[in-house]
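Once you know that position 50 of the sequence shown is 50 in this note's numbering, the rest is easy, because the numbers rise by one and skip nothing.
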Amino acid sequence: MTTLDPAAGLSHGDVMDILSRLETTLASRKTADPETSYVAQLHARGLPVIARKLGEESIEAVVAALSGDRNELVGEAADVIFHLLVLLAARDITLDEVLAELARREGLSGLDEKASRTAKDT
Ligand SMILES: N=c1c2ncn([C@@H]3O[C@H](COP(=O)(O)OP(=O)(O)OP(=O)(O)O)[C@@H](O)[C@H]3O)c2ncn1[C@@H]1O[C@H](COP(=O)(O)O)[C@@H](O)[C@H]1O
Numbered sequence: 001m002t003t004l005d006p007a008a009g010l011s012h013g014d015v016m017d018i019l020s021r022l023e024t025t026l027a028s029r030k031t032a033d034p035e036t037s038y039v040a041q042l043h044a045r046g047l048p049v050i051a052r053k054l055g056e057e058s059i060e061a062v063v064a065a066l067s068g069d070r071n072e073l074v075g076e077a078a079d080v081i082f083h084l085l086v087l088l089a090a091r092d093i094t095l096d097e098v099l100a101e102l103a104r105r106e107g108l109s110g111l112d113e114k115a116s117r118t119a120k121d122t
C-alpha cells in the first residue's frame, strides 16, 4: 500500500501511477478467485450488479457532498472512482480511452457544446 500526504500535493505522475496501477490490478482480478478478491466477486456477479454498485456509491457521494464532512466525501469519491474503473474493466474499456475523450473535450466549454447540440436539434 502506498501512503501519500494529500496536503503535500500529488504530482501528475503520482496521480497517473496510482490510477494506472489500480487499473492493472483490476484487470488481473477479472479472472481471480471470488473467494479471495472483492473485484473478482463483483465480476462473478455480473455487469448489472457492478453497475448498480456504482449507482449506490454515486448516491452515497451525493449524500456526503450535501450532508457529510470533507473526509466522508473523499472516501465516497474514492469508492465511486474505484467502482467506475471496475465497470469500465467489465466492458473492456481502458482508462486511456476515457482520458482521450476528456482530452478531446479540453477547452470546449460545456455551454458552447450544449448550444451546438441545441442548434443541431432545430
Ligand atoms: N480501491 C479499492 C476499493 N475501494 C473500495 N473497495 C471495497 O468496496 C466495497 C464496497 O463497500 P460498501 O461498504 O459500499 O459495500 P458492502 O456493503 O461492503 O458490499 P455489498 O454487500 O453492498 O456488495 C468494500 O468491500 C470496500 O472494501 C475496494 N476494494 C478494492 N480496492 C482496490 O482493488 C484492489 C483489488 O481488490 P480485491 O479484488 O479485493 O483484491 C485492492 O488492492 C485495492 O487497490
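The C-beta atom is built at its ideal place from N, Cα and C for all residues, glycine as well. Values in this document were obtained by computation on a predicted structure and should not be read as measured data.
Asked                                                                                     : Found
Continuous alpha helix (DSSP H) stretch holding Ala65: start and end                      : Leu47 to Ser67
Cβ pair Leu88, Val98 closer than 8 Å                                                      : yes
Inter-residue CB distance, Glu57 and Ala64 (contact presumed, cutoff 8 Å)                 : Not confirmed; about 10 Å, so no contact.
Alpha helix (DSSP H) segments (min. 4 residues) lying fully within the stretch 72 to 108  : 95 to 105
Run of the alpha helix (DSSP H) containing Asp112, from where it starts to where it stops : Gly110 to Asp121
Check: Val39 C-beta below 7 Å from any heavy atom of ligand 1                             : yes
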